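Worksheet for the structure shown next.
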Amino acid sequence: MYKVLSKADLPRLIEKWMAQATVYAPLRQGDFTKFAPLNDPAQADLYYAANTRYPPKALFLPQSEVMFRAKDGEFESTEDEVSSRVILGIHSCDTRALQLLDGVFWAGDYQDPYWAKKRGQTTLVVLGCANPCATCFCTSVGSGPFDKRGADVMLIDIGDEYVADVRNEKGQALFDHLPDASQEQTDTSRQVQAAAAAKMEKPFESEGIEDKLYSLFDNDFWPKIQQSCLGCGVCTFLCPTCHCFDIVDEAQRSERVRNWDTCMFRIYSQEASGHNPRPTNTERTRQRIMHKYAYFVELYDEIGCTGCGRCVRYCPVDLDIRQIIRSAQAWEES
Amino acid sequence: MHNPYKPIPMRIARTVVETDDQSLKSLELTFERGADREQFFSKYRPGQFCQLSIFGKGEAPFGVASAAWEGNFVRFTINKIGVFTRAIHKMKSGDPIGLRGPLGNWYPIEDWKGSNIVIIGGGCAFTTLFALAQHLLPPEIRSQYGDLAVIYGAREPGLFLYKKELETWYEREDINLYQAIDNPREGWGHLVGYVPTVTKEIAPAAENTVAFVCGPSVMIRFTLPVLDELGLPSERIYTSLEKRMKCGIGKCGRCNVGSKYVCKDGPVFTLAELRELPADL
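Listed in order, the protein sequences are those of chains B and G.
With numbering that gives the first Met the number 0 as the guide, the letters of the first sequence map in order to residues 0 to 333.
With numbering that gives the first Met the number 0 as the guide, the letters of the second sequence map in order to residues 0 to 280.
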């Protein structure tokens, strides 16, 4: 179902949503944007940056999340402490990341109630990416700037209006009262989508990458390509699909908390005996890349990277995952 | 929705100092709620592990060291090695403690009815192997299997676990226990030698035999070629892996070997399965 929304009417629509839900949108924070709850519709800044620096996965898997409060020797779960939410202006790469993480948290024998509650309570109003930036590579990893998978609504910017592709009932609840888009408007929206994808350079083809990486597992490829890595972990913290966490007790606050963790840190896999299966940056870089481009593919038949480009943009030594993949593909096995 | 991160309340019913150096202690935990007990024993199979939880100190994974028939308790044998295990060693009978589990897969013993069983263990890794051997001992289960041999090595006589129970095994006709220490010691009436050497000497017949091996990595590394020489195929050699873990349910990362999570897809793997995985141990 295609609806049309004039840009001038967006603030009023947001206000309407705000009456029933917490509405998150990108907000300016210095030179960057970050998803935060809106107090005023005018705060939403959908265009300042192609992608927020801080990934919206944090709205589902917070950087630090209280899991339990300890009370009289009992663990009281916090999973129900979430109410209805709308996320406006999230892009396809970050939406896709949530969908990939559903495979980890919201499927199989053990479902994660914290993740599931937040996902269930949230409507995703995705803004298609008409102007992908130079570090974006979603088209290389089986996605695209207007990938609609996981979107409840996809907004396509056609100038003074958005064409809203309403994908399901959750989306209908927010957009139902709006007029239908005309044939001309939907045609224009299709052209916008095609033009954006065509504009993007494809830095690599991902076909067969998992086999190539497996074949390089013990190769000197890894020590060579990671040499400039500082092991700071920013690539994993800002990554929308990285989901590793640590569980710690904050005894003074009587809370059991989970915090983002990263395979780029030594202590991450350090065992009590002193043994560490990943003692240097070489093994840790291999783990980071292979988790996304080999293990995830094996488990879910999808690449565990959505091409958002954050790890490329914010790496302090300019290690570029696109270059790593290209190098792997070209690497000659000795 | 069920919260798999939420520990169930347990109580320490009994503690046993296992080794002469007091570094290993067994705790027998009982359930505070009958429903939890039923739930636990409806799922538990030897080879599985649990997360033990002390609020303020955190959680850590431990293999279960008891068989269901032993009673309404769950035994864990814990090596005093870090912050959490030091805290556990200080705990006394009657103290409360949290538990999540049973977690992970198990030794698939029911797939091997009619086979001879060889259990090979070393040092403090004998815990889940002990649970497996105990599980096999009641007559109605024991009668479903062929010969049962247990090879168990430790550096010193004082470092064996479950000494009292092991003594009773010597009195039985239906289990052959071979205990070995690294170096000769006066008064030691059993075998002397490293586990791989002892295994070679005992040379259990490979035909219709399945092996369960767990111990320090150096022991495993040298025992596997011996089993290979004896003619045991890699599909009939099981081992159990250890990794740093947090969630225990395949979400938090960290314990993976290739695309397998040791907590969820393991901890038990056949040698054939391990050979398919990248060398990330």
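Ideal Cβ placement from N, Cα and C applies to all residues, glycine included.
Since we're looking at a predicted model, the values are computed, not measured.
Annotated three-state conformation of Tyr46(B) is coil, per DSSP. Membership of Ser76(B) in the beta strand (DSSP E) is indicated by the continuous run 73-76.
Taken atom to atom, the span from the alpha-carbon of Gly247(G) to that of Glu185(G) is near 44 Å. When C-beta distances to chain B are compared with 7 Å, the residues of the segment 39-65 of chain G below that value are Phe54, Gly55, Lys56, Gly57, Glu58, in chain order. Using a CB distance below 7 Å, the part of the segment 110-134 of chain B facing chain G consists of Gln110, Asp111, Pro112, Ala115, ordered along the chain.
Annotated three-state conformation of Asn175(G) is strand, per DSSP. A direct Cα-to-Cα measurement between Lys162(G) and Glu17(G) gives close to 8 Å. Against chain B, the beta carbon of Leu280(G) has neighbours under 7 Å at Pro276, listed in chain order. DSSP places Phe54(G) outside both helix and strand once states are collapsed to three, so it counts as coil.
The three-state reading of DSSP puts Met153(B) in strand, counting E and B together.
Under the Cβ distance rule, Gly249(G) counts among the residues neighbouring chain B, one pair being separated by less than 8 Å. Rounded to the nearest angstrom, the gap between the Cα atoms of Glu206(G) and Thr167(G) is 28 Å. Taking 8 Å as the Cβ-Cβ cut-off, the segment 206-224 of chain B approaches chain G at Tyr213, Phe216, Asp217, given in chain order.
Against Phe244(B), the close residues of chain G are Lys245, Cys246, Lys250, Cys251, Gly252, in the order they occur along the chain (beta-carbon pairs closer than 8 Å). Taking 7 Å as the Cβ-Cβ cut-off, the segment 207-240 of chain G has no residue approaching chain B. A Cβ-Cβ separation of about 16 Å leaves Tyr169(G) out of contact with Leu160(G) under the 8 Å criterion. As the crow flies, the alpha-carbon of Ser91(B) is around 40 Å from that of Phe48(G). Of all residues in the segment 54-88 of chain B, the ones placed with a Cβ closer than 8 Å to any Cβ belonging to chain G are Met66, Phe67, Ala69, Gly72, Glu73, Phe74, Ser76, Glu78, in chain order. Look at Asp248(B): its C-beta is under 8 Å from a C-beta on chain G. Judged by DSSP secondary structure, Ala329(B) falls within the alpha helix (DSSP H) whose first and last residues are 320-329. Against chain B, the CB of Asn2(G) has a partner CB under 8 Å away; the residue lies at that interface.
For Gln171(B), the uninterrupted alpha helix (DSSP H) segment begins and ends at 168-174. By the beta-carbon neighbour count (other beta carbons within 10 angstroms, threshold 16), Met218(G) is buried.
When DSSP states are grouped into helix, strand and coil, Cys231(B) belongs to the coil group.
Taking 8 Å as the threshold, the shortest C-beta distance from Ser258(G) to chain B falls below it.
Against chain G, the CB of Ala271(B) has a partner CB under 8 Å away; the residue lies at that interface. Listed in chain order, the alpha helix (DSSP H) runs fully inside the segment 269-313 of chain B are 280-289, 295-299, 309-313, counting runs of at least 4 residues. Cβ contact annotation for Gly122(G) (same chain, cutoff 8 Å, sequence separation greater than five): Gly152, Ala153, Arg154, Leu158, Gly214, Pro215, Met218, in chain order.
A Cβ-Cβ distance of about 7 Å is found for the pair Ile13(B) and Leu87(B), placing them in contact under the 8 Å criterion.
For a cut-off of 8 Å, the C-beta gap from Ala12(G) to Leu23(G) is around 18 Å, too long to register as a contact. At a beta-carbon threshold of 8 Å, none of the residues of chain G lie near Leu237(B); the nearest stands roughly 16 Å away. Of all C-beta pairs linking the segment 221-229 of chain G to the segment 69-86 of chain G, fewer than three are shorter than 8 Å, placing the two stretches out of contact. Taking Val233(B) as the centre and dropping the five residues before and after it, the same chain places the C-beta of Cys310, Tyr313, Cys314, Pro315 closer than 8 Å to its C-beta, in chain order. In this structure, DSSP gives Ile80(G) a state outside helix and strand, which the three-state scheme calls coil. Per the coordinates, the alpha-carbon of Val162(B) lies some 23 Å from the alpha-carbon of Leu97(B). In this chain, the alpha helix (DSSP H) harbouring Val191(B) covers 182-198.
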